[in-house]
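Add 5 to the 1-based position in the sequence shown for the numbering used here, that's all there is to it.
Glycine included, each C-beta is placed from N, C-alpha and C at the ideal position.
The structure displayed is predicted, hence computed values, not measured ones.
Heads up: the structure comes next, in structure tokens.
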Amino acid sequence: MPYHTPKPPSEVFLTYLNEHYVIEPVLGKIFNKNGEEVGYIEKTNGYVWIDTARGRARRHHIVWWKHTGEWPTSEIDHDNLIRHDDRIENLKLSTRRNNMANNSKVNGLPTGVVKLRGYYKTRPYKAQINISNKTTYLGTFATPEEAAQAYQDAKARLT
């Protein structure tokens, strides 16, 4: 199973969710039996996680399951790019490539450009291109525009 494909939970977990929580796909929220909203936003990635006595999962996967009756078999993309907005109207099944292209809009950088962290003071932007599920490194650059040009040149050459 690819890394980014949601791992299907156990039937015990799904049964526990149904018995102990109220899942509202239209609102994109999950409530305990006392009517209190549950879940927390993961600081590292911005997704909402639900922890229960029987397991844990991302809230958007649970909302998708409750609405469709099936656990997602591929990535789920948030149309408005807000990772904690789990309303069913904001969720759609997506390929890894399309999801990453959509998520690149979040950082404000052109497609194929990544801002490097750490000690990359003089050349903090990396260009890369993905062709046939293979990522090719194109180099580091001083500006996002230079990195974007390298991506565009490689795209013209390789596609």
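Start-to-end residues for the beta strand (DSSP E) that takes in residue i
i, result
"R61", "60 to 63"
"L96", "96 to 99"
"N135", "130 to 136"
"T140", "139 to 146"
"V119", "118 to 120"
Residue of the options minimising C-alpha distance to residue i
i, options, result
"Y52", "S15, I87, V31", "I87"
"Y26", "K71, N50, E94", "K71"
"D91", "P13, E29, A161, Y156", "E29"
Unbroken alpha helix (DSSP H) run spanning residue i, endpoints
i, result
"E150", "149 to 163"
"V17", "16 to 25"
Per DSSP, the bridge partner or partners of residue i
i, result
"D56", "R61"
"E42", "F36"
"H83", "L96"
Checklist entry - Okay, do the region 52 to 69 and the region 14 to 24 touch, 3+ Cβ pairs below 8 Å being the bar? => result Yes, since at least three Cβ pairs between the region 52 to 69 and the region 14 to 24 fall closer than 8 Å, the two stretches touch.
Checklist entry - Does the count of Cβ pairs from the region 39 to 54 and the region 72 to 81 closer than 8 Å reach three? => result Output reads no: the region 72 to 81 does not touch the region 39 to 54.
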